[in-house]
Amino acid sequence: MDQRDERKPTEKWRHLPERIEPSQMVEMVDRDPQVEEIQAVSFGQDYIRFEHR
Numbered sequence: 001m002d003q004r005d006e007r008k009p010t011e012k013w014r015h016l017p018e019r020i021e022p023s024q025m026v027e028m029v030d031r032d033p034q035v036e037e038i039q040a041v042s043f044g045q046d047y048i049r050f051e052h053r
């Protein structure tokens, strides 16, 4: 496990809901992306990490 995975949650993230319903999600399109590649890495049903390269 690298050091990023060991960080404690910040106050901002402590107040997020346990679950978000699909109807609450909004799709956004970044017309000027600043990363060349994004990879979604799944660690099971409850956790997905997005890696920006």
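In this text, residue positions in the sequence shown follow full-length UniProt numbering: the first is 1, and each later residue adds one.
Ideal Cβ positions, reconstructed from N, Cα and C, are used throughout, including at glycine.
In this text the structure is predicted, and so the values were computed from the model without any measurement.
Point to revise | CB of Glu27 within 9 Å of CB of Gln39, strictly | key: Contact flag unset, no.
Review point. Excluding the five sequence neighbours on either side, which residues of its own chain have a C-beta within less than 8 Å of the C-beta of Glu46, listed in chain order?
Key: Note that residue 46 is Asp in the sequence shown here, rather than Glu. The answer is none, since no qualifying residue turns up.
Review point. Out of curiosity, what's the CA-to-CA distance linking Phe43 and Arg49?
Key: Going by the C-alpha atoms only, they are around 8 Å apart.
Point to revise | Beta-bridge partners of Glu51, as assigned by DSSP | key: Paired residues: Gln39.
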